[in-house]
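Residue numbers (our numbering), protein chains in the order written: chain A, 17 to 183; chain B, 31 to 144; chain C, 2 to 485; chain D, 82 to 814. Every residue gets a Cβ at the ideal spot worked out from N, C-alpha and C, and that includes glycine. What follows is one structure encoded as structure tokens, with my remarks underneath.
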Amino acid sequence: MTSNQLVFLMLAGLAALAAVGVVAFPSPVRSAISLVINFFILAFVYFTLGAQMLGITQILVYTGAIMVLFLFVIMLLNLGAPDAKAKVSGWQTAVAVALGFGLFGIVAGQVILPLSSFTQPRSAIDYGSPQAIGQTLFTGYVWPFEITSVLLLVGIVGSILLAKRRI
Amino acid sequence: MQDVPLSWYLGLGLFMFSTGVVGVVIRRNPVVVFMCIELMLNAVNLTFLAFARYMPAVLDAGESARSAWMAGQMMVIFVMAVAAAEVAVGLGIIMAIYRLRNEIDLDEMSALRG
Amino acid sequence: MTPRELYTSPRGGEKSWVGNAFLFRNVEGQVRRRGGSQRVQSRGRMEFLQSLHPAVLALIRVLLLVLPLLMLVPGLIWWERRLLSWMQDRIGPNRTGTITLKSGKRIGTFGLLQPIADGVKLFFKEDITPKSVDRVIYFIAPGLALFPAFALGGTLPWGPPTGLWGLLTPVANIDIGILYVLAISSLGVYGVVLAGYASNNKYSLIGGLRSSAQLISYELAMGVSLACVVMATGSLRMTDMVFEQQKALWGVVPWIQNWFIFTPFGFVSFVIFLICMIAETNRAPFDLPEAENEIIAGYHTEYSSMKFAVFFMGEYASMFVFGGIISTVFLGGYNLMPINWAILAQDLPAAAGLFNFLDQANYTLAPLGFLLKCVMGISFYIWLRATLPRLRYDQLMALGWKVLLPCAVANFIVVAIWIMATSLYGVLGGLIAGGIAFLICGVLYLNVMAATRGQRSSLEKRTLVLTDGIGTDQRNQVELVETR
Amino acid sequence: MNGNPFDLIWYVLGLPLAGFLVQALFGGAVIRALGPAAGRRVMGALAVLPIVAAFGLGVSLVYNLIQLDPSSRNQVVTLFDWIRIPSLWVPFELRVDPLSMTMVLIITGVGALIHLYATGYMAEESDYARFFTYLNLFIAFMLILVLGNNLLMLFIGWEGVGLCSYLLIGFWYKDLANSRAGNKAFIVNRIGDVGLVIAMFLLVSLIASQGPSFVFSEGRFLSYDVLLSQSAINLYVANPLLTTVIALCLFVGACGKSAQFPLYLWLPDAMAGPTPVSALIHAATMVTAGVFLLNRLHPIFEASPVAGAVVAMIGAFTAAFAALIAFGQTDIKKVLAYSTVSQLGFMFIACGAGAYWAGMFHVTTHAFFKALLFLGAGAVIHAMAHEQDMRRYGKLLKYLPITGATMLVGWVAIAGVPPFAGFWSKEAILGAGLGNHYAEAANQNWGMVAGWIGLGVAALTAMYMTRLTWLTFFGPKEQWREIPLVDNGHGHDHAHAAHHDHAGHGGHAHEDHGPDEHNFFYTDAEVAARAEVPAHHHELDQTHTPHEVPISMWFPLVVLAILSLGGGYVLYNGHLFEHWLYPDGLALLSKEAVEGHPAGIPLLQLSIGAALLGIIAGLAVYWRGLPAKEGWDLSRWSPFRRAAANQFGYDRAMVEAGVDGGGFLANFAWKGIDVLFIDGIVNGLAAAAARLGGLLRTFQTGYVRSYALVTLVGVVALLGYLLIVAQRAGAMP
């Protein structure tokens, strides 16, 4: 049990707790907060994976923008209060949870265990540096990149169209 | 970060993913459902990155190896972009629905019942 | 070739081609000489520091950043009140801390102890927690508001990268400095939003809403304007940016440093960044989240003693840190004056001694210069607060989306063209191409604005969109506010 | 294009296309800009010049070709790959060889003359630019047809010229009759095209059966240098039945284009178009495409004598039939049209008898004199205020000296009087028919039969041409000076429509044996609408005096007259033409089989005798003008003439068969197949789908979360199966 593993376990535990919180909290705002926490910790998990650029991007995009949007909408629509009538029928919950565990069990048993032998990272030290990502993104992946930009544009137009009362 | 096994990262990702799935099924608030979807997306991102870092597929270094690390990160970037677009549109839809019928509850929106 | 060779980090010897556009012959030499002289000068302390465990060193760095920040906040408060009162032709707090001797003689301290008194008052006031608040969030919100302010400074080099200062600053010289700044500053909104939501109060809620919308809309322009600088530097590191700014002005005047505010594109980004930064810190004239005459005190309406103090502290700390950021990115960082003393000394051997002395001084007093610039930033804040009236919400949004963002993007394009042309046709061609691009973008922007002037959305519509989903009373309230 | 002189061929093809584009894009604008007179002159020049230039290029290319030694006289110039798929490769390539170049010279040469003529003839036409657009486009398509090196390009040209002919026949589309004539031409041609397409398919199937690596064809099944290669010829010989079918299908196509007996219907009606069109398309070039096709693919026909016999007999019958009909016609253009049909018959006799060169030879000479005759007729019509009825002519020679003289040349040429052009070609044809022992089926040399029939038809030809010429230029009195009481229903060339820009123009087109009196293509309402179009005021009367045509119109006449005077002998002399076309004989047939010199038959005397006999008979009958039996009163006509005038009822029969039979078929397809069968299937499927959906919709609760739950169940189940069961079973790696 090295310090790295210790660090990872702490981060992972927090992230897992936050993830459970997202589902468990009755009040959407708390779910949102725990999701924010989850994403924030996830960024640090990315750092431990050596992907600094993506970690920061994670904070910037998810924590900084997307989740703020979520909170904004929740408050705008007054969904903040824990919805009283949101009682889900017990059996459905039970089935869902059971299936969730089933999914976890199956994949964990059949996919993750066989991979447990990989303990040494093989990538270069700075494979997550902005330079590396930039070079790859704008040389090999420039076409998907452009297409993504178009997708985002479409998203902007669509959301404006949806959210505006009168265009 | 030498000695954290790959499987731990995968395990975290998998756990987040299944949690998100369960949330999608059991929550009635569309915003929360959205959040759960985001959770799943991030789990996938984590898995991508973990594989990109440990790369069990590419056992030989060199060109293919580098492209493999990069491929994982590229995927994450694109997933983020798509998630952003999806959230923008999805929240817009939710607001439109709310404006239409002053409440948001997935179980009330069963107009498509056969 | 291995990835290591492929993606050499700009810390390494060779810089990317963008940087090369600005390289000047004896810049490298200058840096080398300076480093050497420092190593000679302060060997003892450095050995001691280097002997420490890296974790301890890191801890020292953190303390060196955070403690001054914490201690400065009261001073800043005092400074704001004094400056504001001078600007408004008042005297301001000047009594507190004045010692009166038996002989009736007074030793004035210009009210320097006023903030202390305020602090004491705040700490000992009764801490009221309204009944129907969302307790957990209510409690963590102030912390969330304070956290970014301190985290932001992490990548700021408040001293030269060489020698002693090199060991003490910055806290973490990660090669994604600017992105880090953006990310953390984007976290600042949570404190406000959650506070607004948690204190179960419609005005607070509106405050939180405004704050979140405002931050999201101004982050874009901020990021783009910073991206210009990043392009010019070729690196995301703060230290590289300062290094870049120490080169010859426009690549032609070796004696003057190439602070980005001196370059045309840099100036545009500087203005944009300035506005965005004020909006990010919720300061006048963008302090709608706490517009006292519309929504009582906005998001911290329900907060009393300690927690309110924390908000207060967070606000001032973030102001200070943003001052540091802008001075690092645009104002040449820790350099006192935009002059390359060393090169002067080289080119004018007559006064070499003087210039070398000034070079030394510049190095030694670097943190002081940095502090000075931060204070200048704060003073600018205060000046604005004293000068400008508060914007209306729609004006705020229009400014953010219709003016700042397009300008920033246009500037981005111009910078790209300029850098490209510089690397291809040299300095002059670069300037010419950049100028042409600038003209084209400007004309386009003006035309678009003129075209869209006709179709401004109506006030009432804005109101509906803004307060959608909130009870009708707030809607009336906000309408009343908006139509003020 | 590596400096090959034959690459110039692309300019030959490109010039008319360029002209077409110029006319189409700028024609109207230019005319509007420069005013009618100057604008038309400019555009006319722009229309003529490309063709002249193309002709010049063609001449230079022929010169280049002659330099080569005969065996290598087929140059293929490829521009780009048009279709290239693993199993089929159709490059866009042109073939320069004697045959194609002969056609090119005819097309561009005669075409240039006719363009020149048309500039004068259409001078008052308002749609000037449109006319020349079509004309240039036609030239371009015709060139593609003859130059293309594969059947697909030939087919493009084939359809393209069909389109242009349709457009030009219906040029004055405001007159319903013209549109009908166009439609008729187009539709009748379709039949032939079907034959051609089937022939192409069969050919491909035949050649492709040898595998894609057949000879040097990497899938170039349709290129001539594959189709005509020795191994391909062996293939034809190997399976004669299929070859015969292919040949007959090809011949069906040829019948359609070249107006042979079953399908000749459209050509007479095509005279509704402007006279230059009739001269260029329906006499000189397009209608000879069939003969060209037979020449192009002669090995296929050589390989099956049966097909040869059929071709020869069909040609002979058509020749005789059309010649007889010609006697019943009083419209000058119609007479020429039927004579064209019968001359085409002659050509097919030659091809059927194996003397392909003779067919092409007759194509050439016929292009000369028939174009001459048509243009002359056009000049006459022009001079006679667009009166086309020969019974209104007479004594025109003194009014139209040049036209008259040239037309007399054409008359003797077509009648076959030596040394005029027609004589040589016709003599060659008859010689081939009588002398060749090729087209033999059922122990009977059908070529011989066709030859004898041809001899008779030659006499008939001379006779009705004499009738035409005599009634037009000589005759006792100037017929148009007394206006008959009974208004004839004969049609007019509707050029006069141009005089008042189609304004309410009408006129009666081919009332009695027009395209269809059964409203083949139109409803009664339209017929009524057409009927009440007011007759135009521009009509012959006693005061009318014909005037000689402008130089732009008589100059081509003179040139063509010279050609039909000397051209035949020059080409025929010393087998020049034959050696030019087929330097080393045919592919299969030996020289003896087609030596074309009948043993024991005094062919020369016979053919000259036939010509003279016909002329003398014609003069004898028509010396004192029209006999009463051909007067204005149709009821007093002799039964033979009336029958001939109605094409012996053939047209009516065909039309009725087409209308009624087609109607019946269509009804059956509609009620029987479409409604009952197909609609039944479709509606039944729809109903079944609806019922199934009704069953399934109960599963759609509309609750998002239940959908999600079901999805989750599915995912878990599937993953479980794949990862556990399948992996255990080793189905997955």
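Tell me whether residue i is buried or exposed, calling it buried when 16 or more other Cβ atoms sit within 10 Å of its Cβ.
i: residue 338 of chain C; result: exposed
i: residue 166 of chain D; result: exposed
i: residue 628 of chain D; result: exposed
i: residue 311 of chain D; result: exposed
i: residue 352 of chain D; result: buried
i: residue 655 of chain D; result: exposed
i: residue 210 of chain D; result: buried
i: residue 114 of chain A; result: exposed
i: residue 741 of chain D; result: exposed
i: residue 282 of chain D; result: exposed
Quick check: what's the CA-CA separation for residue i versus residue j?
i: residue 178 of chain D; j: residue 490 of chain D; result: 32 Å
i: residue 426 of chain C; j: residue 53 of chain A; result: 49 Å
i: residue 71 of chain A; j: residue 149 of chain C; result: 17 Å
i: residue 105 of chain B; j: residue 75 of chain C; result: 48 Å
i: residue 75 of chain B; j: residue 47 of chain B; result: 10 Å
i: residue 88 of chain D; j: residue 123 of chain D; result: 30 Å
i: residue 360 of chain D; j: residue 671 of chain D; result: 37 Å
i: residue 83 of chain A; j: residue 51 of chain A; result: 8 Å
i: residue 370 of chain C; j: residue 152 of chain C; result: 21 Å
i: residue 338 of chain D; j: residue 268 of chain D; result: 11 Å
i: residue 18 of chain A; j: residue 135 of chain A; result: 13 Å
Tell me whether residue i sits in a helix, a strand or coil according to DSSP, three-state version.
i: residue 91 of chain D; result: helix
i: residue 369 of chain D; result: helix
i: residue 166 of chain D; result: strand
i: residue 616 of chain D; result: Caution is warranted here: a pLDDT of 41 is assigned to residue 616 of chain D, below 50, making its placement in the model unreliable, and the coordinate value is therefore given only provisionally. Three-state DSSP puts residue 616 of chain D in coil, outside helix and strand.
i: residue 310 of chain D; result: coil
i: residue 154 of chain D; result: coil
i: residue 231 of chain D; result: strand
i: residue 174 of chain D; result: strand
i: residue 525 of chain D; result: strand
i: residue 159 of chain D; result: strand
When you measure from the CB of residue i to every non-hydrogen atom of the ligand COA, does any distance come out below 7 Å?
i: residue 267 of chain C; result: Absence of the ligand COA is noted for the structure shown, with no ligands found whatsoever.
Notebook entry, point to check: Along the stretch 323 to 342 of chain D, what residues have a CB closer than 9 Å to any CB found in chain A?
Noted result: Going along the stretch 323 to 342 of chain D in chain order, one finds no residue with a Cβ nearer than 9 Å to chain A.
* To do: Ignoring anything shorter than 3 residues or poking outside the stretch 233 to 272 of chain C, list the beta strand (DSSP E) runs there in chain order.
  => Every beta strand (DSSP E) of 3 residues or more that sits fully in the stretch 233 to 272 of chain C is shown, in chain order, as 254 to 258.
Residues of the stretch 135 to 148 of chain A with Cβ closer than 8 Å to any Cβ of chain B, in chain order:
If you check each beta-carbon in the stretch 135 to 148 of chain A against every beta-carbon of chain B, the ones closer than 8 Å belong to 135, 136, 137, 138, 139, 140, 143, 144 and 148.
Practice prompt. Taking only runs that begin and end inside the stretch 163 to 204 of chain C, name each unbroken alpha helix (DSSP H) of 4 or more residues, in chain order.
Written response: Fully contained in the stretch 163 to 204 of chain C are the following alpha helix (DSSP H) runs of length 4 or more, in chain order: 164 to 169 and 178 to 199.
| request: Note down, in chain order, all residues in the stretch 781 to 792 of chain D with a beta-carbon under 7 Å from any beta-carbon belonging to chain B. | output: From the stretch 781 to 792 of chain D, only 781, 782, 783, 784, 785, 786, 789 and 790 have a Cβ closer than 7 Å to chain B.
Going along the stretch 49 to 65 of chain A in order, which residues come within less than 8 Å of chain B, judged by CB to CB distance?
Within the stretch 49 to 65 of chain A, the qualifying residues are 51, 54, 55, 58, 61, 62, 64 and 65.
Residues of the stretch 176 to 194 of chain C with Cβ closer than 8 Å to any Cβ of chain A, in chain order: So the close ones are 176, 177, 180, 181, 183, 184, 185, 187, 188, 190, 191 and 194.
key: Segments assigned alpha helix (DSSP H), at least 4 residues, entirely inside the stretch 418 to 469 of chain D   = Segments of the alpha helix (DSSP H) lying fully in the stretch 418 to 469 of chain D: 437 to 464.
Interface residues of the stretch 73 to 90 of chain A facing chain B [CB-CB below 9 Å]: When CB distances to chain B are screened at a threshold of 9 Å, the residues of the stretch 73 to 90 of chain A falling below it are 73, 74, 77, 78, 81, 82, 83, 85, 86, 88, 89 and 90, in chain order.
Exercise. Which runs of the alpha helix (DSSP H), 4 residues or longer, sit entirely within the stretch 632 to 712 of chain D?
Worked result: Whole alpha helix (DSSP H) segments, 4+ residues: 632 to 643, 649 to 653, 657 to 662 and 684 to 703.
Report the start-end ranges of each alpha helix (DSSP H) in the stretch 298 to 367 of chain C that is 4 residues or longer and not cut off at the edges. Counting only runs of 4+ residues, the alpha helix (DSSP H) found wholly inside the stretch 298 to 367 of chain C occupies 306 to 330, 342 to 348 and 353 to 365, in chain order.
Requested in this report: At 4 residues or longer, and completely inside the stretch 38 to 86 of chain A: list those alpha helix (DSSP H) runs for me, N to C.
Outcome: Segments of the alpha helix (DSSP H) lying fully in the stretch 38 to 86 of chain A: 44 to 64 and 68 to 74.
Next item on the list: Report the residues of the stretch 105 to 117 of chain A with a CB closer than 9 Å to any CB of chain D, ordered along the chain.
Entry: Those would be 108, 111, 112, 115 and 116, in chain order.
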